[in-house]
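Structure record follows, encoded as structure tokens.
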Amino acid sequence: MKYRQSVSEFLKESKKGNIDYSDFYAYVAEQTEKNNKKFDFLVTMPDIDEKTIKTISKGNLKGLPITAKDAICTKGIQSSAGAEILKGYIPPFDATCISRIKKEGGIIIGKTAQDEFGFGTFCINTALNKAKNPNDISRSPGGSSGGSGIAAAALDFPHVSLGESTGGSISCPASFCGAVGLTPTYGRVSRYGLIDYANSLDKIGPIGKTTEDVATILSHIAGQDPMDSTSAPKKSEDYTKYINKDANLKGTNIAVPKEFFKDLDAKVEKNIRDGIAQLESLGANINEVSLKMTDYATAAYYMIATAEASTNLAKYSGMRYGQSEKIEDHFDEYFQKVRSKYFTEESKRRILLGTFARMEGYRDQYYLKAMKIRTLIIEEMNKVFKNNDAIVGPTMPIIAPKFTEIDKLSAIDIYTIDTLSIMPNLAGTPMLSIPCGTINNMPIGMQIISSHLNEGRIINIGSALENS
Amino acid sequence: MTIKIDIEKISSTAKLKLTDNEKKLFTKDLESILNAFNNISKVNTDNIKPTFHPVEVKNITREDKVEKSLDTETALSNTKNRQGRYFLGPRAI
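Structure below.
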């Protein structure tokens with residue numbers, strides 16, 4: 003097919019003026035609708051009309067189709083964070099990452115399915131979509147940015163999706179769907195305009211078909227933003243310069259934590275071990291290390307994330323935006339009525355857990371304790387980075403499970419599945435999940451983690467593996 | 027130590043009205059989650075400072091100048107509950 007190009011091939015042709023955008027966007031709409039019927043991965047699909055097409059004139063992303071997780075605000079397009087309580091919310095502004103994409107000529111073609119507010123590992127905690135894995139529709143696409151994982155893996159035209167990760171929500175769907183997901187350092191990409199889950203953990207990042215695709219998009223969305231005081235005071239750079247075309251990793255030191263191979267599906271382990279052997283064959287030095295704090299990461303993460311979420315979600319009270327009811331009660335009864343009616347079961351569970359962790363008498367024991375454990379996790383990882391350029395291991399301990407298998411899992415079973423991606427997310431370090439073999443046609447992801455603001459290193463290692 | 031929780035107190039603080047079935051479900055869930063997560067109590071965190079943000083940034087403020095903000099109609103465009111130029115809310119007292 004004429005549009006089965008990589009992002010860089012498309013952009014090269016687009017800059018030369020060789021793309022007929024009316025024809026291209028007719029193909030984009032047809033393919034997107036066809037895939038959406040099969041995998042239900044979009045919450046909203048705006049119409050790309052001739053007027054929009056005529057605006058395509060310049061920029062480094064000239065004419066490139068982009069999808070974005072539903073939690074990322076897009077001016078004039080519903081942004082509901084996969085939540086029933088926010089159904090119908092039309093933001094009057096763009097998130098910074100969206101305005102930067104638009105400024106470079108990118109076109110927003112859809113808002114992708116997700117677990118409500120990012121609360122989930124399987125993209126099932128939402129009333130708005132029933133998203134399915136493009137490799138096997140009886141299985142989950144992963145969460146919470148499941149729709150973005152599907153879009154990256156299934157759409158056959160040049161495209162990148164913007165996901166968001168709090169505890170692994172970019173890596174997990176990338177791993178389960180067979181895509182490349184880049185979670186940047188906390189603060190590398192502005193959070194302005196992101197419907198938040200947990201302020202000290204949320205990160206926006208790209209999911210695409212290749213490391214080069216995600217590096218291209220990161221180059222244009224990274225960088226300090228006056229609208230986000232937690233954005234890192236560092237200008238963006240051209241991340242495609244780190245692409246390792248020669249697949250040469252000579253002199254690269256890679257740490258493999260033994261704790262990342264506990265409670266792992268045996269076939270997943272074999273594929274990841276083969277991938278590590280491949281890195282070694284490209285010249286990398288492999289060093290086994292220990293990250294003992296891995297055992298405490300899940301508990302610390304859920305205490306911090308739910309405590310922050312429980313305060314963030316206090317704003318959904320049926321007044322200024324989102325679902326509302328007839329105003330006739332005292333505020334206490336009114337807020338309870340709206341919140342109890344529209345939040346999903348998982349949102350209620352996380353609000354309750356986070357409220358408990360912050361309550362007088364428990365705050366020190368749970369919330370503050372978790373914050374101190376985060377300090378120890380960062381210290382332990384930094385110690386490893388003193389002698390190593392990156393940490394490598396499996397992204398998820400399993401392949402995408404079937405929906406019938408998920409039905410049998412308890413809340414705590416599901417939370418512990420996130421452990422491996424939680425470590426870098428708690429520490430705020432950048433990570434790349436890259437396809438690393440399959441089991442019965444289902445993809446497996448390898449995660450490559452580096453130190454703060456060292457996105458170039460993970461792009462270098464990931465692309466070496468891709469190009470080998 | 028086995029943790030017991032008071033679901034009425036937590037849900038009232040969180041402004042959630044739970045059905046009897048939800049009360050049973052969430053009591054069971056929260057107790058099993060908190061008991062599993064109690065492993066963090068084993069970690070010695072004496073003299074360890076909490077990390078509120080994983081990447082430390084200090085005193086980042088933007089220039090103090092007046093910029094264009096949303097006009098009233100745009101700010102009210104996502105609510106059904108309004109009175110004139112204001113949001114309409116429930117009774118506070």
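These protein sequence lines are chains W and S, in that order. Numbers 3 to 470, taken from this note's numbering, label the letters of the first sequence in order. Numbers 27 to 119, taken from this note's numbering, label the letters of the second sequence in order. Note that beta-carbon positions come from the ideal geometry of N, C-alpha and C, so glycine has one too. Keep in mind it's a predicted model, so treat the numbers as computed, not measured.
| Check | Outcome |
| --- | --- |
| Per-residue contacts from S:N47 into chain W (C-beta, under 8 Å) | By Cβ distance, chain W contributes nothing, its closest Cβ being about 11 Å from S:N47, past 8 Å. |
| Cβ neighbours of W:T242 in the same chain (closer than 7 Å, five flanking residues each side left out) | E214, A217, T218 and S221 |
| Exposure of W:T57, with buried meaning 16 or more beta-carbon neighbours within 10 Å | exposed |
| Those residues which DSSP pairs with W:S167 across a bridge | W:K205 |
| Proximal residues of chain S, C-beta to C-beta of W:F358 below 8 Å | I31, I36, L56 and L60 |
| Straight-line Cα distance separating W:M433 from W:N442 | 26 Å |
| Contact with chain W by S:T87, beta-carbon distance below 8 Å | yes |
| Proximity of W:G183 and W:I209 at Cβ, strictly below 8 Å | yes |
| N-terminal and C-terminal residue of the alpha helix (DSSP H) that W:C179 is part of | S173 to C179 |
| Backbone secondary structure at W:G464 - three-state DSSP | helix |
| Separation of W:T212 from W:E468, as counted between CA atoms | 8 Å |
| Beta-carbon spacing of W:G108, W:L157 below 8 Å | no |
| Neighbouring residues, chain S, relative to W:I353 (Cβ below 8 Å) | A40 and L42 |
| Helix, strand or coil at W:P426 [DSSP, three-state] | helix |
| Residue environment, S:F131, which counts as buried when at least 16 other CB atoms sit within 10 Å | This structure does not reach residue 131 of chain S, given that chain S is present from 27 up to 119, and the question cannot be answered. |
| Test: S:K75 CB closer than 8 Å to a CB of chain W | yes |
| Contact check, W:K113 vs W:D96, beta carbons under 8 Å | no |
| W:L88 versus S:E34 - alpha carbon distance | 26 Å |
| Span of the alpha helix (DSSP H), counted from its first residue to its last, around W:E290 | Element bounds for W:E290: not the alpha helix (DSSP H) but the beta strand (DSSP E), N287 to V291. |
| CB contact check: W:M433 to chain S, cutoff 8 Å | no |
| For W:A200 and W:A307, believed in contact at Cβ under 8 Å, the rounded distance | 4 Å |
| Supposed contact pair W:N314 and W:D198 - C-beta distance, whole angstroms, cut 8 Å | 5 Å |
| Any C-beta of chain S under 8 Å from that of W:P136 | no |
| Burial state of S:T100 (16 or more Cβ within 10 Å) | exposed |
| Residues bridged to S:F113 [DSSP beta-bridge criterion] | S:R108 |
| Given W:M444 as reference, the closest of W:N462, W:I223 and W:P403 once Cα atoms are compared | W:P403 |
| Whole runs of the beta strand (DSSP E) within the region 337-384 of chain W, excluding any shorter than 3 residues | none |
| 9 Å Cβ cut-off: residues of chain W touching S:V83 | G189, S231, T232, S233, A234 and P235 |
| Closest by C-alpha distance to W:N456, when choosing among W:R351, W:R190, W:L355 and W:S342 | W:R190 |
| Proximal residues of chain S, C-beta to C-beta of W:M361 below 9 Å | K35, I36 and T39 |
| Exposure label - W:F332; buried when at least 16 CB within 10 Å | Phe is not the amino acid found at residue 332 of chain W; the sequence shown has His there. The residue in question, W:H332, is exposed, as its Cβ has fewer than 16 Cβ neighbours within 10 Å. |
| W:D248 to W:F178 span [Cα, whole Å] | 28 Å |
| Min CB distance W:I393 to chain S below 8 Å | no |
| Integer Cβ distance of S:I29 from S:E57, believed to fall under 8 Å | 6 Å |
| Range covered by the beta strand (DSSP E) that runs through W:M448 | M444 to I451 |
| Reference W:F43; option with closest CA among W:G285, W:A154, W:Q7 and W:K64 | W:A154 |
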